[in-house]
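Taking the numbering used here, the leading residue of the sequence shown gets 164, the next gets one more, and so forth.
We treat Cβ as the ideally placed atom computed from N, Cα and C, and that holds for glycine.
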Amino acid sequence: MIVTENTDEEHYQNLQSVLRRLQEYGLKANLHKCRFFQPKVLFCGISITKDGLHKTEDKIQAVTEAPTRTNKTQLRSFLGLVNYYHKWLENVAHIAKQLYDQLQDNKHFSWSAHCQEAFDKIKSMVASDKLLMRYDPDLPLRLATDASPYGLGAQKREMKGLLHMRPVRSTKQN
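As structure tokens, then:
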């Protein structure tokens, strides 16, 4: 269970509320396994800090050091790893189209210059230090969507002034 808040005071209040609720339902937390007021938490391949959600170095390294793919199985594995971080990767469905086309059952695997270009672009996107911000319920939201014959995407953005938006979440579908 992960309990977060913006300030230590809010975190303490939220934590007390959660512990009261556990007690109310007869549930217990093993204090030896608990960690309180941590500046960073690693959870399921994501680093959670006060600033937002970050990709972890080991996963970034696995993508950026991946060699060129030579068959469909290797490519499917690479795209699966990249898909884990799709929330950070704007327009990844569009960029990865050349790669997904290689996975079609009726198509022979053929690694082209376009495939290599998409592969390298995706690796650099994963290596970027972009982070997902924590959702601020006090800010207005804008939903940006896009669709094409081979994919669709959406991004939830918080409005911080007239000209500044920050992504809270992105999604895509091929």
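Quick check for students: name the residue ranges of the beta strand (DSSP E) that lie wholly in the stretch 196-278, counting only runs of 3 or more. Within the stretch 196-278, the complete beta strand (DSSP E) runs of at least 3 residues are 203-206, 209-212, 215-218.
Go through its chain and collect everything with a Cβ distance to Asn254's Cβ below 7 Å, but skip five positions before and after it. So the qualifying residues of the chain are Gly316.
Under the DSSP definition of a beta bridge, which residues are partnered with Arg183? Beta-bridge pairing links Arg183 to no other residue.
If you reduce the DSSP assignment to three classes, tell me which class Leu194 lands in. Residue state, collapsed to three classes: coil.
Pro114 versus Asp292: straight-line alpha-carbon distance, rounded: Outside the modelled stretch of the chain, which goes from 164 to 337, sits residue 114, for which no answer is possible.
What beta strand (DSSP E) runs, 3 residues minimum, are completely inside the stretch 278-311? Secondary structure remark: continuous beta strand (DSSP E) runs of at least 3 residues inside the stretch 278-311, in chain order: 304-311.
Can you say whether Lys218 is buried or exposed, counting buried as having 16 or more other CB atoms within 10 angstroms of its CB? It is buried - the Cβ of Lys218 has at least 16 other Cβ atoms within 10 Å.
Tell me whether the beta-carbon of Phe206 lies closer than 8 Å to the beta-carbon of Ile165. Here Phe206 is near Ile165, since their CB atoms are less than 8 Å apart.
Taking 8 Å as the cut-off, decide whether the C-beta atoms of Leu216 and Leu242 are in contact. Result no, Cβ atoms of Leu216 and Leu242 do not sit closer than 8 Å.
Under the rule that 16 or more other beta-carbon atoms within 10 Å means buried, what is Lys203, buried or exposed? Exposed, since its Cβ has fewer than 16 Cβ neighbours within 10 Å.
Determine the burial state of Cys197: buried for a count of at least 16 other Cβ atoms within 10 Å of its Cβ, exposed for fewer. By the Cβ-count criterion, Cys197 is exposed, with fewer than 16 other Cβ atoms from all chains shown falling within 10 Å of its own Cβ.
Let me make sure I understand the geometry here. Which of Leu294, Ala290, Tyr175 has the alpha-carbon closest to that of Val245? Answer by Cα proximity: Ala290.
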